[in-house]
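Just so we're aligned, residue 6 is where the sequence shown starts under the working numbering, counting upward by one.
Ideal placement from N, C-alpha and C gives every residue a C-beta, glycine not left out.
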Amino acid sequence: MRFLTMQRPLLTAAASAASSASRLGLGGLAVAVAGAQLMGGVLAQGRRNASVKAQGAYKKKSKRGIPNKLGAKRTGDQFVIPGNIIYKQRGTHWWPGENCIMGRDHTIHAMATGYVKYYRDPARHPDRKYIGVVFDKADTLPYPAHAERRRRLGMTAHAIRAVEERPALSPSGIPYEVRRVGEKSSDAADAAAAVGVKSKGRGKARQQGEPERLLRLRADYSYREDNWRIGRLVQTTGLRTTRFRTRKQFFRHRRWRRERELEGQRKAAARRAEAGDGDVVKAPKAMSKKAAKKAAKKATKKK
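Spelled out as structure tokens, the structure:
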């Protein structure tokens, strides 16, 4: 028995009882009986119940868990834009219909701007419920088979207006459009060659196969080609905007070109040495420590 864990008054009483029994000359049996009676009283008096848990290890748990926030986020006939969440669910209680999509977690999103409609479509499936988006609030889903295509937000088809024809000359007598002839026709070229006439141009000769250009009159009374026509000149003249398709090709070409230049310099130095001009002392080439070490290693291998 662990007497040291008892309180101080109880421990004193037990010690006095044991000493009195020994003085009276009682045997070990009397001491054992007295000790058992005393310990029974001690245990009855010193019992503690853990009614309150130790501080720090006890925390009152919340009775309310984290909500999943499932259910309808947009009601019927409510306005939505692309990307809005219409219905959040676990499983497929509702299926995406007209202008709707379903995400990985079965959430139904709107794909177009319009109004929400909850409906059934027995032609597609007898039991499934669908959610769709219509452009007109008065429409009902599902649409009948082979129905006219619905246009967004009440837009209707209309005929394109015909472009008004402009006169050939402006009020001041200047033509609105001027065509710049690119390549001479074959008949005109043959006639010029037969007569022996040589064309004299101020600038660079035009490229073969250059198309005609349409120049329009501007507000400042200058003629200029349309921007979209100027942008298409790259396709007609055969120019290459980029020489290399990737950076790797460019670096490879640059390395090859540098090696070719060095090879040409070595051959030129060899030809000068054969011609007798090899007495010229060549300045040593600046090299890094790594390059010098590599060159020394290469020289030892040749020996």
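Contact annotation: Gln83 and Tyr135 have beta-carbon atoms that are not nearer than 8 Å. Under a 10 Å Cβ-count criterion, Ala115 is classified as buried, with 16 or more other Cβ atoms of the shown protein chains found around its own Cβ. In the displayed model, Ile235 falls within a helix according to three-state DSSP. A distance of 8 Å or more separates the beta carbons of Thr112 and Ile86. In terms of Cα proximity to Asn232, the closest of Ser56, Leu219, Glu266, Asp225 is Leu219. Around the CB of Pro72, fewer than 16 other CB atoms lie within 10 Å, so the residue is classed as exposed. Cβ-Cβ distances below 7 Å link His151 to nothing in the same chain once the five nearest sequence neighbours on each side are left out. Tyr181 is classed as exposed because its beta carbon has fewer than 16 other beta carbons within 10 Å across all chains shown. The beta carbons of Gly137 and Glu103 sit closer together than 8 Å.
In the structure shown, Gly96 adopts coil according to DSSP, grouped into three states. Rounded to the nearest angstrom, the gap between the Cα atoms of Leu146 and Ile165 is 32 Å. Boundaries cannot be given for Leu146, as no beta strand (DSSP E) includes it and DSSP labels it neither H nor E. Of the residues assessed, Lys122 falls on the buried side of the cut-off, its CB having 16 or more other CB atoms within 10 angstroms.
Residue burial is scored here from C-beta neighbours: Trp99 has at least 16 other C-beta atoms within 10 angstroms and is therefore classed as buried.
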